[in-house]
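J.: My questions all concern the structure below.
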Amino acid sequence: MSSGNISTTAPAIENITSLQDQTKGPEPSSELSALDKVLLISDERYELSERIQVVIRYTLVILAIPLTICNIVVFFQRSMRSSTGTYVISMSLAQLVYIAVTCGVYIGDALYDFPLVEYSYCFYYLYVGVFLGSIAKRGTYLVMCLVSVERFYAIVRPFHIREFFLSKFPLFWTLAAYILAAAWHIYLPTRTVIIMVDNKVFGTMCRFVRTDLYLQTKEVNDAFSLTAKFVLSYGSLFGQLVLNVLTIWALRRHNTANRNVQTSANEEAKAQRERQMTVTILAATICYVSFAFPSVLNNIMSTVYKEYYSAGKYRNIYLVFNSLGLNLAFMSAGVDFVCFFTMSSNYRKTFFRLFSKCKKQPGLIEQEAATETTQTK
18 MSSGNISTTA PAIENITSLQ DQTKGPEPSS ELSALDKVLL ISDERYELSE RIQVVIRYTL
78 VILAIPLTIC NIVVFFQRSM RSSTGTYVIS MSLAQLVYIA VTCGVYIGDA LYDFPLVEYS
138 YCFYYLYVGV FLGSIAKRGT YLVMCLVSVE RFYAIVRPFH IREFFLSKFP LFWTLAAYIL
198 AAAWHIYLPT RTVIIMVDNK VFGTMCRFVR TDLYLQTKEV NDAFSLTAKF VLSYGSLFGQ
258 LVLNVLTIWA LRRHNTANRN VQTSANEEAK AQRERQMTVT ILAATICYVS FAFPSVLNNI
318 MSTVYKEYYS AGKYRNIYLV FNSLGLNLAF MSAGVDFVCF FTMSSNYRKT FFRLFSKCKK
378 QPGLIEQEAA TETTQTK
């Protein structure tokens, strides 16, 4: 992608301000400070990094889509139905939406030089890519917090998990999380509008300008933007770290306390499945939080330093980290499948039952799933 058009901001799904600020970026200073030496990279190095990351991105997308679909299909099976499964399905669907939206941005970016698609691309980027992408990503952060709380409770009180409010109504809390994310980001499609302007060099072109509604309520919009970052992104990820630490502590305490407790074989098998699912969710969330770190660091830097954005002095390093964060977001979708497949025996059984030759026998999958469900009760 060339660095002179809108394509340089296409990966910035979460931060729309970079689009409107392209025309007012500060001129680089002739004097290099210590920060400049760290954050300034040449255009040649940026272009090389972007070419490498684009190849990686296409590979990750090709792998992430089928693996995420596998997660959805497996957790839809009767033997995998649970409150945790509902949360995992919702997160996998949100990941598919995020991948599809982002791929749409890049496809439009490749066709951006054609005047007929210029306005359509800008409209899609503004009202679909930015808005829907933010809901999918930050809503998933909230849902991951919910499932982490549920898993922590499952370890602390394993025989009361069915009465826990997050386990009794998983669909309600999932919808509530994404509706909250949508309501929190309602300011995004209302603060910017697309207009067509005549340019002496490039002819008619699209431009993003602030709406009158935004100018009248600038403080409110900026407050929504800032709190969305700190509550939905930073707060959710930090909450997951805390919950993961508490879950590890609860697992060790639970194992120590139950060494001398005699239970029936059925109860022990049920408790073992709960612990296995908890450890699997724990590993998946740790990977997700780790992969989100570069993107979060990039957003924090853009909030702290005024010249750190897609058209500022430090644009190249911003775009490099932005592209890296996008690749890691795609990678996390595939890592979820790897965690479930390698760490959950029930997941593997269901997966092989679905994709083995036994599938050719009518009714066998449903019969085995019903038998397994009866044994777990």
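Numbering (this note's numbering), first residue to last: 18 to 394.
Idealized CB from N, CA, C, for every residue including glycine.
1. Of all the options Arg208, Val91, Ser242, which has the alpha carbon lying nearest to the alpha carbon of Phe372?
2. Just to confirm before moving on: does the CB-CB distance between Leu57 and Tyr331 stay below 8 Å?
3. Would you tell me roughly how many angstroms separate the C-alpha atoms of Leu163 and Arg290, rounded to the nearest one?
4. My assumption, with CB atoms under 8 Å, is that Arg370 sits in contact with Leu249. Please give the rounded CB distance.
5. Are the region 108 to 124 and the region 342 to 350 touching by the rule of at least three beta carbon pairs closer than 8 Å?
6. Out of Ser165, Tyr115, Phe247, Phe148, which one is the CA nearest neighbour of Ser100?
7. Measure the beta-carbon distance from Thr209 to Leu149 and round it to whole angstroms, keeping in mind my assumption that it falls under 8 Å.
8. Just to confirm the assignment: which complete alpha helix (DSSP H) runs, minimum length 4, are found wholly within the region 67 to 137?
9. Where do the ends of the alpha helix (DSSP H) carrying Ser165 lie?
10. In angstroms with no decimal places, state the Cα-to-Cα distance between Ala350 and Val114.
11. If you draw a straight line from the C-alpha of Ile69 to the C-alpha of Leu299, how long is it?
12. Whose C-beta lies closer than 7 Å to the C-beta of Ile212 among residues of the same chain, with five residues either side of it excluded?
13. Flag this pair as touching only if the region 311 to 327 and the region 256 to 272 have three or more C-beta atom pairs under 8 Å; answer yes or no.
14. With burial defined as no fewer than 16 other Cβ atoms inside 10 Å of the residue's Cβ, what is the status of Ala127: buried or exposed?
15. Alpha carbon to alpha carbon, how far is Ser184 from Glu67? Give it in angstroms, no decimals.
16. Count the C-beta pairs between the region 174 to 182 and the region 228 to 239 that are closer than 8 Å, then say yes if the count reaches three, no if not.
17. In the structure shown, what three-state DSSP assignment does Pro43 receive?
18. My guess is that Thr295 and Met97 are in contact by the Cβ rule of under 8 Å, so how many angstroms apart are they, rounded?
T.: Well, looking at it:
1. Val91
2. yes
3. 20 Å
4. Rounded, the Cβ-Cβ distance is 38 Å, inconsistent with contact.
5. yes
6. Ser165
7. Their Cβ separation, rounded to whole angstroms, is 15 Å, which puts Thr209 and Leu149 out of contact at 8 Å.
8. 100 to 127
9. 148 to 173
10. 11 Å
11. 31 Å
12. Arg224, Val226
13. no
14. exposed
15. 43 Å
16. no
17. With a pLDDT of 42 at Pro43, under the threshold of 50, the predicted position of this residue should be treated as unreliable, and no value is reported.
18. About 15 Å; that fails the 8 Å criterion.
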